[in-house]
Amino acid sequence: MRELQLKSYDYILPKERIATYPIVPKEEAKLLVYERASDKITHTTFKDFANFLPQDTLLVFNNTKVLPARLYGTKVVQDSKNPNTKGAKIEALFHKEITPNVYLMQFKGRLKVGLLVAFEGGIFARILKDNQDSTLGAGFKEAEFFRIPQKNLQNYLQSFSKTLESPLNREEFFEFLEHFGHIPLPPYLKRQDTQADKKDYQSVFAKHLGAIAAPTASLHFSEESYKNLKQNFQNTEITLHVVAGTFVGVQSENILEHKMHKEYFFISQDSADKIYQASHITAIGTTATRVIEEFARNGKLRGECDLFLHPQNKPRKTNALLTNFHLPKTTLLMLVASFVSLDTMQRLYKEAIARNYRFYSYGDGMLIL
2 MRELQLKSYD YILPKERIAT YPIVPKEEAK LLVYERASDK ITHTTFKDFA
52 NFLPQDTLLV FNNTKVLPAR LYGTKVVQDS KNPNTKGAKI EALFHKEITP
102 NVYLMQFKGR LKVGLLVAFE GGIFARILKD NQDSTLGAGF KEAEFFRIPQ
152 KNLQNYLQSF SKTLESPLNR EEFFEFLEHF GHIPLPPYLK RQDTQADKKD
202 YQSVFAKHLG AIAAPTASLH FSEESYKNLK QNFQNTEITL HVVAGTFVGV
252 QSENILEHKM HKEYFFISQD SADKIYQASH ITAIGTTATR VIEEFARNGK
302 LRGECDLFLH PQNKPRKTNA LLTNFHLPKT TLLMLVASFV SLDTMQRLYK
352 EAIARNYRFY SYGDGMLIL
């Protein structure tokens with residue numbers, strides 16, 4: 002069947018259609034509205050978003066907060082005779098905590114087990130082991146982090162004695178990220194983060210630190226538009242911490258063979274009650290959709306979500322979806338097809354490209370009703 006073939010989710014996007022910066026003001030972003038019942042397409046902007054929503058809908062927002070999870074460091078040359086020798090520059094991306102002071106990190110470059118990486122603030126990481134989770138992509142390793150006080154730094158670089166190491170607890174590690182980390186912009190933006198991205202790549206309702214990528218449909222709302230939505234519609238929030246696996250394309254020619262990545266989620270009892278009782282739900286983003294559908298299937302309020310929605314595993318509880326335009330051959334694109342069918346998804350994307358919509362994280366949006 003075509004809907005199970007990976008090549009069915011490919012498309013050609015002109016490079017100039019990739020949005021590298023957000024629209025200002027946010028309400029000026031384009032919005033493609035597709036009404037399934039009538040097969041009607043409307044082209045508008047986010048100024049009119051609320052006008053298309055059913056009055057009885059429950060809006061579900063993902064309140065995860067993006068960590069400044071990208072770090073830049075230097076390989077430590079462990080040569081006691083030449084302790085000031087500097088190694089190659091290293092880029093690292095925090096993924097998640099595994100155990101106290103052991104973190105899953107994605108490193109660029111070849112790093113052997115046991116190697117040390119020096120970061121700002123007197124912080125070091127030691128590579129403990131490779132991680133073989135194929136759902137995440139390449140370069141993932143487990144690492145421990147510790148601090149070397151400035152007064153002991155020279156001695157440490159001469160001896161590399163573990164007695165001089167002061168392990169970071171979770172709070173200290175996140176403080177380190179806050180001070181020295183960079184906003185982890187998606188790789189397809191092909192630019193360094195700026196001071197503006199600290200605000201732009203974060204939703205106005207972000208609360209709980211833990212994501213390394215923004216739930217991008219949420220980025221379309223200003224403080225004012227979010228306030229207006231909350232005043233005029235039922236609403237609630239859930240938390241799903243987006244991980245690096247969201248950028249990994251599907252490799253299996255039959256999409257049913259794809260192993261989905263796992264993302265931690267949390268639903269309060271109040272939110273669960275609202276979702277359970279709602280007669281109509283509009284999910285603000287694919288991440289909110291997956292949490293709603295995970296809850297609808299097993300009733301869990303927290304845990305790891307690896308739900309894969311596609312045309313043969315359709316939403317059961319979510320009635321409408323606000324989403325951005327996604328990369329080819331990704332599970333996000335397959336999730337969109339689970340709402341509208343493969344053929345309709347392809348048609349909507351062709352329409353968006355023809356009408357010069359801006360794609361991906363800082364791009365325009367689509368509302369499926």
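When we follow the numbering used here, the leftmost residue of the sequence shown carries the number 2, and every step to the right adds one.
Cβ coordinates follow ideal geometry from the N, Cα and C atoms, glycine included.
Please read these numbers as outputs of a predicted model, since none were measured by experiment.
Three-state class that DSSP yields for residue i in the structure shown
{"i": "E258", "result": "helix"}
{"i": "I213", "result": "coil"}
{"i": "H281", "result": "coil"}
{"i": "I19", "result": "strand"}
{"i": "K76", "result": "strand"}
{"i": "D131", "result": "strand"}
{"i": "E352", "result": "helix"}
{"i": "A70", "result": "coil"}
{"i": "L54", "result": "coil"}
{"i": "E1", "result": "This structure does not reach residue 1, given that the chain is present from 2 up to 370, and the question cannot be answered."}
{"i": "F141", "result": "strand"}
{"i": "G246", "result": "helix"}
{"i": "L323", "result": "strand"}
{"i": "K113", "result": "coil"}
{"i": "T100", "result": "strand"}
{"i": "G88", "result": "strand"}
{"i": "Q203", "result": "coil"}
{"i": "I124", "result": "strand"}
{"i": "Q270", "result": "helix"}
{"i": "K41", "result": "strand"}
Reference residue i, options the options, closest by Cα
{"i": "L68", "options": "V103, V114, G182", "result": "G182"}
{"i": "Q232", "options": "N255, F175, Y12, D57", "result": "D57"}
{"i": "L94", "options": "P187, V341, Q270", "result": "P187"}
{"i": "I124", "options": "L32, V77, L7", "result": "V77"}
{"i": "S219", "options": "A197, V243, G300", "result": "V243"}
{"i": "V118", "options": "E264, A144, K48", "result": "A144"}
{"i": "E98", "options": "Q79, I239, K142", "result": "K142"}
{"i": "G286", "options": "T240, P312, G246", "result": "T240"}
{"i": "T283", "options": "K200, E92, P316, D194", "result": "P316"}
{"i": "K152", "options": "V61, G122, L129, L333", "result": "G122"}
{"i": "E264", "options": "H96, Y12, C306", "result": "C306"}
{"i": "L370", "options": "L129, A30, E352, S339", "result": "S339"}
{"i": "H311", "options": "F296, L323, T290", "result": "T290"}
{"i": "S39", "options": "F360, Y350, V341", "result": "V341"}
{"i": "M346", "options": "P15, V34, P23", "result": "V34"}
{"i": "F309", "options": "T237, G300, T331", "result": "T331"}
{"i": "L230", "options": "D49, V114, K200", "result": "D49"}
C-alpha distance - residue i paired with residue j, whole-angstrom precision
{"i": "L72", "j": "F248", "result": "18 Å"}
{"i": "H221", "j": "K27", "result": "6 Å"}
{"i": "N64", "j": "A355", "result": "33 Å"}
{"i": "V205", "j": "T21", "result": "20 Å"}
{"i": "K318", "j": "E17", "result": "36 Å"}
{"i": "N102", "j": "R348", "result": "48 Å"}
{"i": "A214", "j": "M335", "result": "19 Å"}
{"i": "F296", "j": "G88", "result": "48 Å"}
{"i": "K31", "j": "Y189", "result": "21 Å"}
{"i": "E36", "j": "N320", "result": "11 Å"}
{"i": "K41", "j": "D365", "result": "19 Å"}
{"i": "E173", "j": "H180", "result": "11 Å"}
{"i": "E92", "j": "F146", "result": "15 Å"}
{"i": "I13", "j": "R192", "result": "22 Å"}
{"i": "T46", "j": "E29", "result": "6 Å"}
{"i": "D11", "j": "Q159", "result": "53 Å"}
{"i": "R359", "j": "L116", "result": "42 Å"}
{"i": "Q107", "j": "V251", "result": "19 Å"}
{"i": "Q196", "j": "K351", "result": "34 Å"}
{"i": "E176", "j": "N132", "result": "25 Å"}
{"i": "L112", "j": "K130", "result": "10 Å"}
{"i": "I19", "j": "T217", "result": "14 Å"}
{"i": "Y361", "j": "F53", "result": "22 Å"}
{"i": "L343", "j": "M2", "result": "11 Å"}
{"i": "H209", "j": "Q203", "result": "11 Å"}
{"i": "L302", "j": "I184", "result": "29 Å"}
{"i": "G304", "j": "N156", "result": "44 Å"}
{"i": "E238", "j": "L154", "result": "45 Å"}
{"i": "N314", "j": "G211", "result": "28 Å"}
Test: residue i CB closer than 8 Å to a CB of chain D
{"i": "S167", "result": "Protein chain content of the structure displayed is limited to a single chain, and chain D is not contained in it."}
Beta bridge counterpart(s) of residue i as assigned by DSSP
{"i": "T237", "result": "V61"}
{"i": "Y265", "result": "E305"}
{"i": "T287", "result": "Note: T287 sits in no beta bridge, so no partner."}
{"i": "Q107", "result": "L94, F141"}
{"i": "T46", "result": "K31"}
{"i": "S167", "result": "R148"}
{"i": "M367", "result": "L33, T324"}
{"i": "N314", "result": "H311"}
{"i": "H183", "result": "R71"}
beta-carbon residue i near the ligand MG non-hydrogen atom, thresh 7 Å
{"i": "K315", "result": "The ligand MG is not part of this structure, which contains no ligands at all."}
Is the stretch 222 to 231 touching the stretch 245 to 264 in the sense that three or more CB pairs, one from each, lie closer than 8 Å? no
Below 8 Å, can you find three or more Cβ-Cβ pairs linking the stretch 321 to 333 to the stretch 157 to 169? no
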